[in-house]
Amino acid sequence: MCGIVGYAGARPALGIVLDGLRRLEYRGYDSAGVAVVCEGELLTEKKAGKLANLEKVLAERPAADPVFGDGATAPGIGVGTTGIGHTRWATHGGPTDRNAHPHTAGDGRVAVIHNGIIENFAKLRAELEAEGVEFSSDTDTECAAHLLAGELARLRAAGEPDGPRLLAVAMRQVCQRLEGAFTLLAVDAGIPGAVVGARRNSPLVVGRGVGENYLASDVSAFIEHTREAVELGQDQVVLITADDIEITDFAGAPASGKDFHIDWDASAAEKGGYDYFMLKEIAEQPQAIADTLLGRLTENGEIALDEVRLTDQDLRDVDKIFIVACGTAYHAGMVAKYAIEHWTRIPCEVELASEFRYRDPVLDRSTLVVAISQSGETMDTLMALRHAKEQKARVLAICNTNGSTIPRESDAVLYTHGGPEVAVASTKAFLTQLVACYLIGLHLAQVRGIKYADEVAAVVAQLQEMPDKLRELLAGIEPVRELARDIKAAPTVLFIGRHVGFPVALEGALKLKELAYMHAEGFAAGELKHGPIALIDQGTPVVCVVPSPAGRGMLHDKIVSNIQEIRARGARTIVIAEEGDTAVTPYADHLIYVPRTPTLLAPLVTTVPLQVLACEIAAARGHDVDQPRNLAKSVTVE
Ligand code: M6R
327 MCGIVGYAGA
337 RPALGIVLDG
347 LRRLEYRGYD
357 SAGVAVVCEG
367 ELLTEKKAGK
377 LANLEKVLAE
387 RPAADPVFGD
397 GATAPGIGVG
407 TTGIGHTRWA
417 THGGPTDRNA
427 HPHTAGDGRV
437 AVIHNGIIEN
447 FAKLRAELEA
457 EGVEFSSDTD
467 TECAAHLLAG
477 ELARLRAAGE
487 PDGPRLLAVA
497 MRQVCQRLEG
507 AFTLLAVDAG
517 IPGAVVGARR
527 NSPLVVGRGV
537 GENYLASDVS
547 AFIEHTREAV
557 ELGQDQVVLI
567 TADDIEITDF
577 AGAPASGKDF
587 HIDWDASAAE
597 KGGYDYFMLK
607 EIAEQPQAIA
617 DTLLGRLTEN
627 GEIALDEVRL
637 TDQDLRDVDK
647 IFIVACGTAY
657 HAGMVAKYAI
667 EHWTRIPCEV
677 ELASEFRYRD
687 PVLDRSTLVV
697 AISQSGETMD
707 TLMALRHAKE
717 QKARVLAICN
727 TNGSTIPRES
737 DAVLYTHGGP
747 EVAVASTKAF
757 LTQLVACYLI
767 GLHLAQVRGI
777 KYADEVAAVV
787 AQLQEMPDKL
797 RELLAGIEPV
807 RELARDIKAA
817 PTVLFIGRHV
827 GFPVALEGAL
837 KLKELAYMHA
847 EGFAAGELKH
857 GPIALIDQGT
867 PVVCVVPSPA
877 GRGMLHDKIV
887 SNIQEIRARG
897 ARTIVIAEEG
907 DTAVTPYADH
917 LIYVPRTPTL
927 LAPLVTTVPL
937 QVLACEIAAA
947 RGHDVDQPRN
957 LAKSVTVE
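The sequence shown maps to residues 327 to 964 in our numbering.
This is the structure in structure tokens:
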């Protein structure tokens, strides 16, 4: 939630900050704002709504800014070479101009932007108000701005030498007073050339340039300029100037980050001719799967994870697996349960990360917790992971974002090489998470001696066929688009599936809810008769995810019966079935064939028509496909 960018260098900061915000807008789009330090002045602009609103206001600004009391002007906001910018997902205070960041203090000379929640803000605000500070927003962030301005004033009054380090000293003092989760960036009009950042339980990475440096919520904000980045640790303050990056802990002790190279290029974060990022990301799925599989089989036929701080003996000792994740990643976990239990015979439970720690799960050293997260920053998943570690469980992360918190705090990591996913709705992240889960299941089975190398290689070979199958599927997807336009006005759309088709049904319904704002629900097909079948009315579209008849025939026959039951009650059936499955033909009002795929791998193909369906319905209803209302891509609050 919230996208944050900071720049210190020799080039005009405004354009660089705005470009960064454009790339981070998926993190929140309730408002946007910038602050630029320019010849001893702080120039700010902020606006409710999407970044485009801010850009419009900036375009209307005069070339020079009237900032001095006597009517004199400063060079325009486009000139300063130090700046910060923010795109907001509202927590405290509605999505209005006044609540947009940056928040200023100290007579408008200090600007602060923030991601996260300052949990003790009410107490801090009361203290500040008692001292006579006047607030001009409803946000928790404004407390940090006033505290920082107060610290700077105090340090200056005490005769501390002015300059970039003063900003860092003041920020450290402020951080010690804050509770909760936060990334903060700040600039001071009197300290040109420096941006200070701080992080606790909220993302912040440094981009290392030549004669310029960057701070951002994630690397996509600066990959256009540099692919060298520094991962920050927990509770650290970072000061950037054009030529220097200085990291300390909150107490001021020198600290270091971890350098890493970003292997995405800038074009990966552009739309590339597609109308929406989501369409581009759907189309990228074959490659994303191929990349996630790349180099996973060692010469000995073993599966290679990326960063493993677990021994084979640790994995042999595992007697129980919990998968924790949220939203789409949770659905990937549900599919994984079928594969992992089937291949390893280890009991595997899937838990919503937001519920996990509150129900006091039974965990110990022989429990493996698999945390799945595209962003690697989802607070619910992070908290579940930390709880697991406190209970001495081993944690293995599946993540798409190098340098993010979840993989950093885990004992082992398998990165999905999906490239940047910008659309809020998860597509390629889901498919690559599935691939990663399959690989982990196979790795565990092999390490524990349940599967031989050649058996593992056979499944990997089936996985390697999936990119071509997906290309074939995507090439023939037009009928799904037509169908979408046809059912766009339906009041309700239901999704049913069995076995691994059940999580696919849940995922199809989630996509439709989040993008088209329609009532949609997914069910295990067998559960229909226990209640939900009452929802079916004349013409209700029901998407039926049918398993392969070549897998477990019984499963296939059961769902064919379920389809007949709902059709008899007036449902308009949209059947997703394997090529050549003629048994479903008589009961399908619309039949969408997917390539033949082994049962456990079928979600890699059956999910795709549902992604396209939701995307097209949303577009046909006139919604913003990439940035659906009320949502943000990276959910860094609990
Ligand atoms: O970054 P994460 O994978 O941890 O995100 C988890 C969910 O917020 C995410 O999958 C969400 O449900 C999707 N945007 C839905 O399309």
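Cβ atoms here follow ideal geometry from the backbone N, Cα and C, with glycine treated the same way.
Take LYS837 and list the residues in its own chain whose beta-carbon comes closer than 7 Å to its own, dropping the five residues that flank it on each side.
-> Your numbering for residue 837 matches position 511 in the sequence shown. Once the five neighbours on either side are set aside, the close Cβ partners of LYS837 are ALA751, LEU936, GLN937 and ALA940.
Span separating the alpha-carbon of VAL688 from that of LEU927
Locating residue 688 in the sequence shown gives position 362, where the first residue counts as 1. Locating residue 927 in the sequence shown gives position 601, where the first residue counts as 1. Computed Cα separation, rounded: 30 Å.
If we ignore side chains and look at the alpha-carbon of each, how far apart do TYR355 and THR758 end up? For the purposes of this step, residue 355 is taken as the residue at position 29 of the sequence shown. For the purposes of this step, residue 758 is taken as the residue at position 432 of the sequence shown. Spanning the two alpha carbons is a distance of roughly 26 Å.
* Asked: Under 7 Å from any heavy atom of the ligand NAP, does the C-beta of VAL961 make it?
  -> Ligands displayed in this structure: the ligand M6R; the ligand NAP is not among them.
- If you run the structure through DSSP and keep just helix, strand and coil, what is TYR778? Locating residue 778 in the sequence shown gives position 452, counting from the first residue. It is coil, neither helix nor strand.
Counting along the chain, where does the beta strand (DSSP E) carrying LYS584 start and finish? As a position in the sequence shown, residue 584 is number 258, starting the count at 1. LYS584 -> beta strand (DSSP E) spans 584-587.
DSSP-derived helix/strand/coil call for SER357:
By one-based count along the sequence shown, residue 357 stands at place 31. Judged by DSSP in its simplified three-state form, SER357 adopts strand.
Checklist entry - Roughly how many angstroms lie between the CA atoms of ILE608 and ALA801, to the nearest whole one? => result Position 282 of the sequence shown, counted from the first residue, corresponds to residue 608. Position 475 of the sequence shown, counted from the first residue, corresponds to residue 801. Computed Cα separation, rounded: 12 Å.
So if DSSP puts THR413 in a beta bridge, which residue, or which two residues, is it bridged to? As a position in the sequence shown, residue 413 is number 87, starting the count at 1. For THR413, which the question treats as bridged, DSSP gives the partners GLY329 and ALA358.
When you measure from the CB of LEU694 to every non-hydrogen atom of the ligand M6R, does any distance come out below 7 Å? For the purposes of this step, residue 694 is taken as residue 368 along the sequence shown, with counting starting at 1. No, the Cβ of LEU694 stays beyond 7 Å of every heavy atom of the ligand M6R.
task = Less than 8 Å between the CB atoms is what I'm expecting for ALA903 and LEU917, so what's the real figure, rounded?
result = The count along the sequence shown starts at 1 and reaches residue 903 at position 577. The count along the sequence shown starts at 1 and reaches residue 917 at position 591. With 8 Å as the limit, ALA903 and LEU917 qualify as a contact, their Cβ atoms being about 7 Å apart.
* Asked: Using a Cβ-Cβ cut-off of 7 Å (strictly less than) and excluding sequence neighbours within five positions of MET604, which residues of its own chain qualify?
  -> Your numbering for residue 604 matches position 278 in the sequence shown. The answer, listed in chain order, is ALA749, ALA751, THR753, CYS941, VAL951 and ASP952.
- prompt: Under 8 Å, do ASN626 and ALA448 count as touching if we go by C-beta distance?
  reply: Reading the sequence shown from its first residue, position 300 is the one you call residue 626. Reading the sequence shown from its first residue, position 122 is the one you call residue 448. Cβ distance not < 8 Å, so ASN626 and ALA448 don't count as in contact.
| Taking the alpha carbon of GLY745 as the point to measure from, which residue in LYS597, VAL782, ALA846 and ALA336 has its own alpha carbon closest? | For the purposes of this step, residue 745 is taken as residue 419 along the sequence shown, with counting starting at 1. The shortest C-alpha to C-alpha distance from GLY745 to any of LYS597, VAL782, ALA846 and ALA336 is the one to LYS597.
**Asked** Can you tell me the Cα-Cα spacing of ARG611 and ILE444, whole angstroms?
**Response** As a first step, residue 611 must be located in the sequence shown, where it is residue number 285. As a first step, residue 444 must be located in the sequence shown, where it is residue number 118. According to the sequence provided, residue 611 is Gln. The question's Arg does not apply to it. Computed Cα separation, rounded: 38 Å.
The alpha helix (DSSP H) that contains LEU838, what's its start and end? The residue labelled residue 838 in the question sits at position 512 within the sequence shown. Looking at the DSSP string, the run of the alpha helix (DSSP H) that includes LEU838 is 827-842.
**Asked** Which residue's Cα is closest to the Cα of ARG337: ALA389, SER582 and THR407?
**Response** In the sequence shown, residue 337 corresponds to position 11, counting from 1. Per the Cα distances, THR407.
| query | Is DSSP giving THR704 helix, strand or coil here? | reply | Here residue 704 corresponds to residue number 378 of the sequence shown, with the count starting at 1. Three-state result, THR704: coil.
Q. Are the Cβ atoms of GLY533 and VAL545 separated by less than 8 Å?
A. Numbered from 1 along the sequence shown, position 207 holds the residue referred to as residue 533. Numbered from 1 along the sequence shown, position 219 holds the residue referred to as residue 545. Yes, the Cβ-Cβ distance between GLY533 and VAL545 is below 8 Å.
**Asked** What is the rounded straight-line gap between the Cα of HIS743 and the Cα of PRO924?
**Response** As a working mapping, residue 743 is identified with position 417 in the sequence shown. As a working mapping, residue 924 is identified with position 598 in the sequence shown. For HIS743 and PRO924, the distance between alpha carbons rounds to 23 Å.
Check ARG947 in the structure and name its three-state DSSP category.
In the sequence shown, counting from the first residue as 1, residue 947 sits at position 621. Reduced to three states, the DSSP call for ARG947 is coil.
For GLU964, decide whether its Cβ has a neighbour in chain C, counting only Cβ atoms nearer than 8 Å. Absent from the structure is chain C; it holds one protein chain and no more.
Can you tell me whether DSSP reads ASN539 as helix, strand or coil? Here residue 539 is taken as the residue at index 213 of the sequence shown, counted from 1. Strand at ASN539.
My output table needs one value for GLU554: the three-state DSSP class, helix, strand or coil. Here residue 554 is taken as the residue at index 228 of the sequence shown, counted from 1. Three-state result, GLU554: strand.
Q) Taking 7 Å as the cut-off, is the CB of VAL750 close to at least one heavy atom of the ligand M6R? A) The residue you call residue 750 lines up with position 424 of the sequence shown. Indeed, a heavy atom of the ligand M6R lies less than 7 Å from the Cβ.
In whole angstroms, give me the CA-to-CA distance for CYS763 and THR618.
On the sequence shown, position 437 is the one that residue 763 refers to. On the sequence shown, position 292 is the one that residue 618 refers to. For CYS763 and THR618, the gap between their C-alpha atoms comes out near 11 Å.
Exercise. To the nearest angstrom, report how far apart THR465 and LEU454 are at their CA atoms.
Key: Sequence index remark: in the sequence shown, residue 465 carries index 139 (1-based). Sequence index remark: in the sequence shown, residue 454 carries index 128 (1-based). About 14 Å.
- Roughly how many whole angstroms lie between the Cα atoms of ILE889 and GLU905? Taking the first residue of the sequence shown as 1, we reach residue 889 at position 563. Taking the first residue of the sequence shown as 1, we reach residue 905 at position 579. If I take the Cα positions, the gap works out to 18 Å.
Review point. The alpha helix (DSSP H) spanning GLU905 covers which residue range?
Key: Stepping through the sequence shown from its first residue, residue 905 is reached at position 579. That residue, GLU905, is in no alpha helix (DSSP H); it is neither H nor E in DSSP.
Out of curiosity, what's the CA-to-CA distance linking GLU791 and SER730?
-> Here residue 791 refers to the residue found at position 465 when the sequence shown is read from its first residue. Here residue 730 refers to the residue found at position 404 when the sequence shown is read from its first residue. The alpha-carbon atoms of GLU791 and SER730 are separated by roughly 30 Å.
_Using only the alpha-carbon positions, how far apart do ARG435 and HIS412 sit?_
Taking the first residue of the sequence shown as 1, we reach residue 435 at position 109. Taking the first residue of the sequence shown as 1, we reach residue 412 at position 86. If I take the Cα positions, the gap works out to 17 Å.
Report task. Look at ILE766 and LEU740 and say whether their C-beta atoms are less than 8 Å apart. Result -> As a first step, residue 766 must be located in the sequence shown, where it is residue number 440. As a first step, residue 740 must be located in the sequence shown, where it is residue number 414. Contact flag set, yes.
Which term fits TYR664, buried or exposed, when burial requires 16 or more other beta carbons within 10 angstroms of its beta carbon? Locating residue 664 in the sequence shown gives position 338, where the first residue counts as 1. With 16 or more Cβ atoms within 10 Å of its Cβ, TYR664 is classed as buried.
- Item | Through-space distance from GLU486 to GLN639, alpha-carbon basis | Translated into the one-based positions of the sequence shown, residue 639 becomes position 313. Translated into the one-based positions of the sequence shown, residue 486 becomes position 160. Approximately 55 Å between the Cα atoms of the pair.
Quiz item: Are the region 534-543 and the region 574-582 touching, with three or more C-beta to C-beta distances below 8 Å?
Solution: no
For GLU367, which residues does DSSP report across the bridge? Along the sequence shown, one-based indexing puts residue 367 at 41. DSSP lists CYS364 as partners of GLU367.
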